[in-house]
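Under the numbering used here, the first residue of the sequence shown carries the number 86, and numbering increases by one thereafter.
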Amino acid sequence: MNGYNVLLLSILILLATITVGAEAAYVVAHPTLMAPGETGVPLTLTIINNEEYPMLNVTIKPIYTFPFGQYSTINKTNITIPAIPAGSSVNVTLLIDVNPKAVDGIYTMRIRLYYSIPNPKLQSIPIQSTLPPSIPRNSTLANSSKALQPYIRLNSTVNATVPVLGYVSIGVDTPFWGSTSSPIQASPGIGVVPLMVPLINTGNVAASNVTAYIRVGDGLVAVTNETTIGYMPPGVPVYAAFLINVTGKARIGALNGSVTIRYFANSTQRDEVMIPITGRPVLVAQGAVWGSPQSPITVGPGYGVVPLVIPIIDTGNTAVTNVSASIALPHGLTPLYSSTPVGSLAPGIPNYAVFMVNVSNVEPGTYYAYLRLNFNGGSASASVPVVVSGSPDVVVQSYYTDPPNLFPGYPAAQLVVYLADVGTSIARNVRVQLAGDGYVKVIAPSNGVVNVGNLPVGTPIPINFVISTSDNLYAETKVNLTLYVNGTGFSREYVIPLTVKPKALLEVTNVTGSLTAGASDVPLYITITNMGNITARNVEVVLNGQGILQPYVSSSNPLSALTAGRLEVGDLEPGQSIQVVFMVDAESGVSPGNYKVTLTMLWNQSGSLIPFIQNVPLTVKIQPSLGQSAANLLVPRSIASIMFYVVVILVIALIVVAIRARARRAA
């Protein structure tokens, strides 16, 4: 609404107020900005009692004339007010419809008032006229009975001035394909794509119940020709979205269409639009890479299953949808599936066709894949080079043991082998197995197998094993472990040479000692000889009497029990012998005979990080004690000895008898 209309509206409302000022009751309208065709518009009316009598049981009945009408969703139009005191006013609100054929202007709306007032003849104030001063001269007395009634029923018709100065004007801009965030080009045969029609309300009244309809032709088919928008405030752009099938019959250029906008109840607006159809897409396959565009890899013969990625780009000026690709490859390159979806392509932005291809033991070289592209509105084909050039080459780069020197009898030593792929493609599904020989065994993994997986080019990785060495090796021994390396398309075998250094061979060459049962602080002499070729250093010997012998501990030095059974010998050169002496106690309850005891020898060798231990069983002889010898004499051992003892007893008995007989004779 412009300034002129506002000024005109203000003047007319003021004049209307002045002209009705002499009436007993009058109505002033306070309309909102309303437009032709608008429905359910609120219209506020002020009912003013201009006289000294109250208006009672007031009924307000609008009389609808062009361009106003009753709001279609409300059946009751009358409004009842109990009372309007003299000199007071009451506001009421109606919902009205505005005829779509109305034009800008000022209209009069008639209001019929039905009400009662107190009978002036029954009031204390003097009456100076035939009719009460508050009764309008155009009012009709509802009761003319000569009997005085307490109330007089009146009715009157008053006019309210209502301007219609609002309007709705919906502008239609050029349609475009796609969406507001991702517009696209449409070409003949592209298929079903969204068409966006920009709309804006350039009027001064909000449009409600807005629905947009579209009509197209020239090879365009509306899949959805209607869209509901709802509410359109002034100045706020909205978009009507339709699904249009762009068939192959559509011609390139700006095609005619029309958009009809329906708003309010029956208001309509029709606009012609030009729908753009651009040229056809041009799809190009830009080479092929193995792996991924971000991390391409080199593939060699026997590589196995690997992704083959072919970039697809639309070099035209039209977007394309529903792109799919199918591939045919030469012998030795086998796709797991021959077709794959690509999706949509915007001009200049690549998308990718991805195939999983099994690369067998083909010869290195350049092969050609036949690629066919299908899309909405057409198809294309291309011959794409596929390169098989690289091959893995897994080698043993280095290895070491921990500890660095291996000696006989090591229960667990670590062997670390570094593998590296020095080829031109990644080694896949790498599996390593270590096999020992007669001198070295693989302890962990128990089967010697380690699954490495994929081994990238140029990145060495450590493989860990645990090995043990045989005990009885007294000369330097060369051992060869075998490392088997297998992977997709290759198999290797490597020898891991190791050296097991000898250890000293300590033997007990003599044991002497006069041991009797129950004897104490008796020397036991043991001679130890190094029979090997390596010096045994820091030799210690420990005697374990097995319950037969105990180290002697002096009662005057009980702490000597801590070291009584251990002797420090020092170094033993190859061929050197040394005699050690243990002071021992023999158990008193043991029977005479030969018994086994153990001599434990510990020593170090140059290059060894752990000491060597050797247990040697010894045989010691326990002689009988004096008491045991005497008792043995009394114990019969054979029939002859028994006869001997019988004869001795008989002789003794005869001697005793003879002595007693002589004594009797003498008496």
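Note that CB positions come from ideal geometry on N, CA and C, so glycine has one too. Just so it is clear, the structure is predicted and the values come from calculations on it, not from any experiment.
Alpha carbon to alpha carbon, how far is residue i from residue j?
{"i": "Phe349", "j": "Asn402", "result": "41 Å"}
{"i": "His115", "j": "Asn461", "result": "60 Å"}
{"i": "Ser474", "j": "Met359", "result": "55 Å"}
{"i": "Tyr452", "j": "Pro470", "result": "6 Å"}
{"i": "Gly263", "j": "Leu250", "result": "38 Å"}
{"i": "Ile269", "j": "Gly315", "result": "27 Å"}
{"i": "Gly302", "j": "Trp375", "result": "47 Å"}
{"i": "Ser641", "j": "Leu687", "result": "30 Å"}
{"i": "Ile191", "j": "Thr332", "result": "53 Å"}
{"i": "Pro435", "j": "Val277", "result": "22 Å"}
{"i": "Ile546", "j": "His416", "result": "35 Å"}
{"i": "Ser266", "j": "Leu421", "result": "37 Å"}
{"i": "Val537", "j": "Tyr503", "result": "12 Å"}
{"i": "Thr753", "j": "Glu653", "result": "What is shown of the chain runs 86 to 752, which leaves residue 753 out entirely."}
{"i": "Pro496", "j": "Thr573", "result": "35 Å"}
{"i": "Val321", "j": "Val408", "result": "37 Å"}
{"i": "Ala373", "j": "Ala307", "result": "40 Å"}
{"i": "Thr425", "j": "Ala297", "result": "39 Å"}
{"i": "Pro541", "j": "Ser510", "result": "8 Å"}
{"i": "Val183", "j": "Leu207", "result": "46 Å"}
Please name the residue or residues paired with residue i in a DSSP beta bridge.
{"i": "Asp487", "result": "Gln499"}
{"i": "Asp506", "result": "Val479 and Val542"}
{"i": "Glu357", "result": "Ser343"}
{"i": "Phe667", "result": "Leu609"}
{"i": "Arg516", "result": "Asn536 and Asn571"}
{"i": "Gly655", "result": "Val624"}
{"i": "Pro127", "result": "Leu180"}
{"i": "Arg336", "result": "Answer is none; Arg336 lacks a bridge partner."}
{"i": "Arg195", "result": "Ile148 and Asn244"}
{"i": "Ile329", "result": "Val278 and Ala307"}
{"i": "Ser576", "result": "Asn571"}
{"i": "Ile707", "result": "Leu600 and Gly678"}
{"i": "Phe550", "result": "Leu500"}
{"i": "Ser201", "result": "Leu141 and Arg238"}
Given a threshold of 16 other Cβ atoms within 10 Å of its Cβ, counted over all protein chains shown, does residue i qualify as buried or as exposed?
{"i": "Met441", "result": "exposed"}
{"i": "Arg750", "result": "exposed"}
{"i": "Pro696", "result": "exposed"}
{"i": "Ala738", "result": "exposed"}
{"i": "Ile698", "result": "exposed"}
{"i": "Glu123", "result": "buried"}
{"i": "Lys681", "result": "exposed"}
{"i": "Leu694", "result": "exposed"}
{"i": "Asp506", "result": "buried"}
{"i": "Gln631", "result": "exposed"}
{"i": "Phe757", "result": "With the chain covering 86 to 752 only, the question about residue 757 has no answer from this structure."}
{"i": "Ser219", "result": "Because the pLDDT of Ser219 is 47, which lies under 50, any placement of that residue in the model is unreliable, and the question is left without a value."}
{"i": "Ser476", "result": "buried"}
{"i": "Pro248", "result": "buried"}
{"i": "Ile724", "result": "exposed"}
{"i": "Phe151", "result": "exposed"}
Looking at residue i and the ligand SAH, is the gap between the Cβ and the nearest heavy atom below 7 Å?
{"i": "Glu357", "result": "The ligand SAH is not part of the structure shown, which contains no ligands of any sort."}
Compare the C-alpha of residue i against each of the options and name the closest.
{"i": "Val534", "options": "Leu519, Ile314 and Ala743", "result": "Leu519"}
{"i": "Ser555", "options": "Val701, Tyr524 and Val585", "result": "Tyr524"}
{"i": "Ser662", "options": "Met616, Asn679, Arg365 and Gly603", "result": "Met616"}
{"i": "Ser78", "options": "Ile132, Ser445 and Ala671", "result": "Residue 78 lies beyond the range of the chain shown here (86 to 752); nothing can be said about it."}
{"i": "Lys526", "options": "Ala187, Leu418, Thr242 and Phe550", "result": "Phe550"}
{"i": "Gln379", "options": "Gly385, Val537 and Pro392", "result": "Pro392"}
{"i": "Pro205", "options": "Ile181, Gln234 and Met194", "result": "Gln234"}
{"i": "Ser377", "options": "Leu141, Val394 and Ala431", "result": "Val394"}
{"i": "Tyr200", "options": "Val143, Leu456, Ser241 and Val188", "result": "Val143"}
{"i": "Leu491", "options": "Leu566, Asn679, Ser553 and Ala410", "result": "Ser553"}
{"i": "Lys186", "options": "Pro121, Thr131 and Pro170", "result": "Pro121"}
{"i": "Pro273", "options": "Arg300, Pro366 and Asn310", "result": "Pro366"}
{"i": "Tyr455", "options": "Pro381, Arg747, Ile412 and Val480", "result": "Ile412"}
{"i": "Leu340", "options": "Thr363, Pro279 and Glu592", "result": "Thr363"}
{"i": "Pro677", "options": "Pro659, Leu634 and Gln664", "result": "Leu634"}
{"i": "Leu583", "options": "Asn557, Val501 and Val627", "result": "Val501"}
{"i": "Gly126", "options": "Val257, Leu179, Thr162 and Leu284", "result": "First, the amino acid is wrong: residue 126 is Val here, not Gly. Taking only the C-alpha atoms, the option nearest Val126 is Leu179."}
{"i": "Arg195", "options": "Arg336, Val183 and Val243", "result": "Val243"}
{"i": "Thr162", "options": "Gly172, Ile148 and Ala171", "result": "Ile148"}
{"i": "Thr117", "options": "Ala109, Tyr111 and Leu128", "result": "Leu128"}
Write down every uninterrupted run of the beta strand (DSSP E) in the segment 373–431 whose length is 3 residues or greater and which is fully enclosed by it, in chain order.
389–399, 405–413, 418–420 and 424–430
Unbroken stretches of the beta strand (DSSP E), 3 residues or longer, contained in the segment 453–488:
463–473 and 479–487
Beta strand (DSSP E) segments (min. 3 residues) lying fully within the segment 249–301:
255–257, 261–263, 276–286 and 292–301
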